[in-house]
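A short write-up of the structure that comes next.
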Amino acid sequence: MTIEPILYLLQLASPALPVGAYSYSEGIEALVDEGTISDAQSLQHWLEQELRYGAIRLEAAVMVRAYSAVQNKDTEALSYWNHWLSAARETEELRLSSWQMGRSLAKLLLQLQPQVLPIVDAVEPCNYAIAFGMAAASWHIEPLSSVVLGYLHSWTTNLVTAGVKLIPLGQTAGQQIILNLFPDLMNAATEIISLSDDDLSSCTWGLSLASMAHETQYTRLFRS
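Residue numbers (my numbering): 69 to 292.
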């Protein structure tokens, strides 16, 4: 990568991106509440399994397809994959979080680059993975493998931060988890890029059950 695409990717994957990612735990709050996740090891194990088998792989794979659709100016494909990802979300909480973050990122992208209006209009409500792919393609971030890695790293950082607050863990422990997950992040990115449409599958029942439990949790710090 040259310097400019790196800077764009860092901005897009930054925790400072104003899309509200910090307000979602993707079921981790419910898992901490019930004791399934209770320390650094169990949090790392959960994230490892998600990277190997979970819904994040579908999200990243759809992000890849959104990136390609924008490059090809194919708004029909962009709309198709946006609807596909919405249908793949198994709980209302997960669907709403994806739509809220996607809407926020699409709005930000329009403010920064008004010329992308035709592609943003093609997807409503817009999932976050779709908006991420649109932004990466619009900013000409290459190679695609780095875009996928940035997406996965941003997701990992957000959930580790949620775990640090909820368990709670020290900041050093959180950073160690992220470092430990580097091999899983790289393996997942490599596999996701090569997935065909027929290979898009995941094992998400644990996440779905955690999300459903979170909907009725008595006290909550996070929105999912």
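Heads up, the beta-carbon is just placed ideally off N, CA and C, and yes, glycines get one too.
Item: Within a Cβ cutoff of 6 Å, which residues of the same chain sit near residue 226, ignoring the five residues on either side of it in sequence?; Value: 89
Item: In three-state terms, what does DSSP make of residue 295?; Value: As displayed, the chain neither begins before 69 nor continues past 292, which places residue 295 out of reach and without an answer.
Item: With distance defined between alpha-carbon atoms, name the residue in 191, 179, 124 nearest to residue 145.; Value: 191
Item: Under 6 Å Cβ to Cβ from residue 46, same chain only, skipping five residues before and after it: list those, please.; Value: Past the edges of the chain, shown from 69 to 292, lies residue 46, and the structure says nothing about it.
Item: Evaluate residue 202 with the Cβ neighbour count: other Cβ atoms within 10 Å of its Cβ, from every protein chain shown; 16 or more gives buried, anything less gives exposed.; Value: buried
Item: Starting from residue 132, trace the alpha helix (DSSP H) in both directions and tell me its first and last residue.; Value: 123-139
Item: Give the DSSP-derived three-state secondary structure of residue 73 in the structure shown.; Value: helix
Item: Give a yes or no on whether the C-beta atoms belonging to residue 197 and residue 254 are separated by under 7 Å.; Value: no
Item: For a quick check, are the C-beta atoms of residue 193 and residue 167 less than 7 Å apart?; Value: yes
Item: Is it right to say residue 260 is buried, meaning 16 or more other beta carbons lie within 10 angstroms of its own, or is it exposed?; Value: buried
Item: If contacts are defined as beta-carbon pairs under 8 Å, then residue 275 and residue 122 qualify, I think. What distance do you get, rounded to the angstrom?; Value: 6 Å
Item: Given this structure, state the Cα-to-Cα distance separating residue 247 from residue 112, to the nearest angstrom.; Value: 10 Å
Item: Where does residue 105 fall in DSSP's three states?; Value: coil
Item: Give the straight-line distance between the Cα atoms of residue 272 and residue 81, rounded to the nearest whole angstrom.; Value: 24 Å
Item: Tell me which same chain residues have a C-beta within less than 8 Å of the C-beta of residue 178, skipping the five on either side of it?; Value: 184, 185, 188
Item: In whole angstroms, give me the CA-to-CA distance for residue 136 and residue 79.; Value: 20 Å
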